[in-house]
Structures are given as C-alpha cells and as structure tokens.
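Q: Let me begin by handing over the structure; questions about it come next.
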Amino acid sequence: MNKYVIHIVSHTHWDREWYLPYETMRLRLVDMMDTLLGIMDSDSDYRYFTLDGQTVVLEDYLEIRPEMREKLRNYIKDGRILVGPWYTLPDEFLVSGEALVRNLLLGHRIASDFGRVIETGYLPDMFGHISQLPQILCGFGISTAVLWRGVGGEEAEYILQGPDGSEVFLCRLEPERGYSNGHDILRQ
C-alpha cells in the first residue's frame, strides 16, 4: 500500500458582506474566531491558520471581543494565526495602483502591530488580476501568491510575471472548488 503525505492548509475566505448584511456576517466571524481560538487553546498540534489575507477581520472581531486582543496577538506573533498582508481584499480592477499600495501599507501596519505579517499575497476570490500585481507584491517583499480565479490554464503552479519583469510564484487553488477545496475531505 502506498503512503501519502497530505498537507492541509487551514484557511478562510471572509466576505464582510455579500449575500448577507455586514452585521450578520460579523456575528458569523465572531463565532468562527471564538471556535478557532478555542481550538488553538486546546490543541497545540493545530499548527496554524491563515486568516484570509486581510487584517480588517481583526478589527471586526475585536470590536465585539476586545478582551481577546492579547490572546489573538500572541497567536499571531507565534505564527499560529497568519494575518495580512492586505487591509481588505481588493477588487484589483476597481481601484488604482496607488489604492492597492496603500491597502498593503495599512494591512502591513496592522499585522505588524499584532506581531507578524504573512509573506504571501493571498487573493482567493478576485475575478481577475492586474498585470502590475507581481510588481506591487514584490515591492512589499512578497514573492509568492495564492489565487483562485483570474489566471489562465489548469496548472496549479505558475510564475506570474509583471510588465517590468517582476515575478511571483503563484499557487492556484483548485479550479472547481477554489478556497473551499478541502471542505469535504473527510467525507471522501
């Protein structure tokens, strides 16, 4: 019998508001974060969790649970909860390049205040990407990105190159399921 090693990267994609109002989604966020912190507290083998690449979720959670700030900061500083690099996940086609840079600056500042900034450009649910994305990410020292939509072909890994020659290593989420690609792994 063959043995396989499966790497599971726990993560979330968080829409602040989409098909439900902001406050409804925020209550779901609070429930998810409370559950996550409980798991982190009780299971030291649960090594890390990627919190959607945007730091605004920290603000949304802590407005409801301000008493959790230090616990959250400790898990982020220890690298168990990965945050940033963005403030909010952008729709790259609707904003300017300067807005993307300022978004990353703010996201980096907030993540740094919590102790650590993820070094991956996590953009799981954009409908496309501007050609300058590699240049902008490289300007922040980000050399890898995780994307789902908006890249051609079926390959899982790419080198994404900007017009100035900047390159980032790109991991593409599985085309059929995207950011929920492992939600039914235990049922299969």
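The numbering of the sequence shown is numbering that gives the first Met the number 0, which starts it at 0 and goes up by one.
Glycine included, each C-beta is placed from N, C-alpha and C at the ideal position.
1. To the nearest angstrom, how far is the alpha carbon of E62 from that of K70?
2. Quick test of the definition: if touching needs 3 or more C-beta pairs under 8 Å, does the segment 86 to 97 touch the segment 156 to 170?
3. Starting from the C-beta of E118, find all residues in its chain whose C-beta is less than 8 Å away, skip the five residues before and the five after it, and write them out in chain order.
4. Buried or exposed, going by whether 16 or more other CB atoms sit within 10 Å of the CB of F48?
5. Use the C-beta contact count for H6: other C-beta atoms within 10 angstroms, 16 or more gives buried, fewer gives exposed.
6. Residues in the same chain with beta-carbon distance under 7 Å from D163, minus the five sequence neighbours each way, listed in chain order, please.
7. Helix or strand or just coil, what does DSSP make of E16?
8. Considering only C-alpha positions, which residue in the set L172, E166 and R46 is nearest to E153?
A: The structure says:
1. Answer to the nearest angstrom: the Cα atoms are 15 Å apart.
2. In short, these stretches do not touch, since the Cβ pair count stays below three.
3. Taken in chain order, the residues that qualify are P84, G140, I141, S142 and T143.
4. It counts as buried.
5. So H6 counts as exposed.
6. Cβ within range, chain order: Q134.
7. Note: E16 maps to coil in three-state DSSP.
8. With distances taken between Cα atoms, E153 lies closest to L172.
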